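Asker: Numbering (this note's numbering), first residue to last: 3 to 387.
A virtual CB, placed ideally from N, CA and C, is assigned to each residue, including glycine.
For clarity, every value in this text was computed on a predicted model and none was experimentally measured.
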Ligand code: HEM
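(1) Checking 8 Å against the spacing of the C-beta atoms, do residue 89 and residue 340 come in under that value?
(2) Decide if residue 178 is buried, meaning its Cβ has at least 16 other Cβ atoms within 10 Å, or exposed.
(3) Would you mind listing the beta strand (DSSP E) stretches within the region 21-106 that are 3+ residues and don't spill past its ends, in chain order?
(4) For a test of your reading of the model: does the CB of residue 342 fall under 7 Å from any non-hydrogen atom of the ligand HEM? Yes or no.
(5) Please confirm if the region 281-294 is in contact with the region 304-322, defined as three or more CB-CB distances below 8 Å between the two stretches.
(6) With a threshold of 7 Å (Cβ to nearest heavy atom), would residue 150 be considered close to the ligand HEM?
(7) Could you tell me if residue 377 is buried or exposed, where buried requires 16 or more neighbouring beta carbons within 10 angstroms of its beta carbon?
(8) Is the region 211-230 touching the region 90-97, taking contact as three or more C-beta pairs under 8 Å?
(9) Taking the beta strand (DSSP E) that residue 361 falls in, what are its first and last residues?
(10) Which residue wins for smallest C-alpha separation from residue 256, given the options 129, 382, 344 and 102?
(11) Taking the CB atoms as reference points, tell me whether residue 28 and residue 286 lie closer together than 8 Å.
(12) Taking only beta-carbon atoms, is residue 319 less than 8 Å away from chain D?
(13) Taking C-beta to C-beta, are residue 301 and residue 277 nearer than 8 Å?
(14) Just to confirm before moving on: does the CB-CB distance between residue 215 and residue 76 stay below 8 Å?
(15) If I measure Cβ to Cβ from residue 268 and keep anything under 7 Å in the same chain, skipping five residues before and after, which residues do I get?
(16) Per DSSP, which one or two residues make a beta bridge with residue 379?
(17) Would you check whether the ligand HEM has a heavy atom nearer than 7 Å to the C-beta of residue 77?
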């Protein structure tokens, strides 16, 4: 669909998709404008989705789907604990976890990079960040899988199908809720330097996070921080495979990895689109959009806007500046950006150090996730030397 969006952007950067009644916004300026105006373009869809009691418990801390002032309160409190410094302090452990995962396939000439590294690494890092005991990490893997099980749904799934999917995962959601609540209570009684204790201690203007809000934030970390990072590592593996000269440059000088990963993020954003709900009638790109419409800010198309990016269809690992919108824009700008960037960099530093050659195996199919949910590989077999 990317080709269709790109083709349409020049003539009609804002249009109504007759198929599903949603508005699509295709150019960089409109997407940036919409994401920086939460009063007109709300992230709160709670009136439109079915209510499921078990998920309500998480909602209290899921500030991704909140507007100001609630969003500001929670994001400020969480930001006090989840700082770039906390994340930077984790670098040696992320390196160790990466090496341990790759040790699991040491000596093998072929493995699936998703199974071995891209899928487990971000879950283990989130568990590490929260100070989850090693023996309980499998639980995190299980929950992450369940939270993502909506990948079976498509843009045209009915409300009944969505509700049935929610019912199926409700018991696991309850289990996660109980486990994380107990974990938080333990950290209230036994303070440490870890993120959980920092979340418990965080305080702004006399306000602090409730246990249930922290549980919601942990769920948000798994929803927002897991499969997106898997996508980054998988999409980078494919991109570097398709551009061997770029891969040679990176292998020779890994300090070029951060800029190269930004280019991967520009070309293959894990989320093609971010949804917003209009709170009022609004003029956009010469069109009048009624109140309570769903607008889809199309990041994939905005990231290839020729008004902003020279040679937008090219893959330039040294592109600067690179104002892609893959981590969003405005008040909801991704809080995990430093962590995602670090995980991506460490993964490729380790792969290039270990292997003199790595290429996507040509005799096995690459499998992709449901693109309506996320732009990511599900299976990516590699041949390594
Ligand atoms: C928000 C993308 C990794 C935590 C967002 C948003 C985007 C995004 C687009 C904004 C959504 C919106 O405006 O509706 C990504 C991508 C990632 C990534 C592409 C990896 C390549 C992570 C990681 C974490 C994380 C590793 C943490 C472990 C969050 C949180 C929010 C968020 C907490 C909510 C921020 C808010 O609502 O104020 N992410 N993310 N993300 N992300 Fe990420």
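Answerer: Quick look at the numbers:
(1) Numbered from 1 along the chain shown, position 87 holds the residue referred to as residue 89. Numbered from 1 along the chain shown, position 338 holds the residue referred to as residue 340. Going by C-beta atoms, residue 89 is nearer than 8 Å to residue 340.
(2) Position 176 of the chain shown, counted from the start, is the residue given in the question as residue 178. Buried, because 16 or more other Cβ atoms sit within 10 Å of the Cβ of residue 178.
(3) 24-27
(4) As a first step, residue 342 is located in the chain shown; it is residue number 340 there, counting from the start. Checking every heavy atom of the ligand HEM against the Cβ of residue 342, one is found closer than 7 Å.
(5) no
(6) Against the chain shown, residue 150 aligns to sequence position 148. No.
(7) Here the question's residue 377 lines up with position 375 in the chain shown. So residue 377 ends up on the buried side.
(8) no
(9) Here the question's residue 361 lines up with position 359 in the chain shown. 360-362 is the extent of the beta strand (DSSP E) around residue 361.
(10) Taking the first residue of the chain shown as 1, we reach residue 256 at position 254. Residue 344 is the option with its Cα nearest to residue 256.
(11) Working through the chain shown from its first residue, we reach residue 28 at position 26. Working through the chain shown from its first residue, we reach residue 286 at position 284. No. Outside cutoff.
(12) In the displayed structure, chain D is absent; only one protein chain is listed.
(13) Here residue 301 corresponds to residue number 299 of the chain shown, with the count starting at 1. Here residue 277 corresponds to residue number 275 of the chain shown, with the count starting at 1. Against a cut-off of 8 Å, the Cβ pair of residue 277 and residue 301 comes out as no contact.
(14) Mapped onto the chain shown, residue 215 falls at position 213. Mapped onto the chain shown, residue 76 falls at position 74. Yes.
(15) The residue labelled residue 268 in the question sits at position 266 within the chain shown. Taken in chain order, the residues that qualify are 305, 324, 326 and 328.
(16) Reading the chain shown from its first residue, position 377 is the one you call residue 379. Answer is 370, bridged to residue 379.
(17) Walking along the chain shown from the start, residue 77 turns up at place 75. Indeed, a heavy atom of the ligand HEM lies less than 7 Å from the Cβ.
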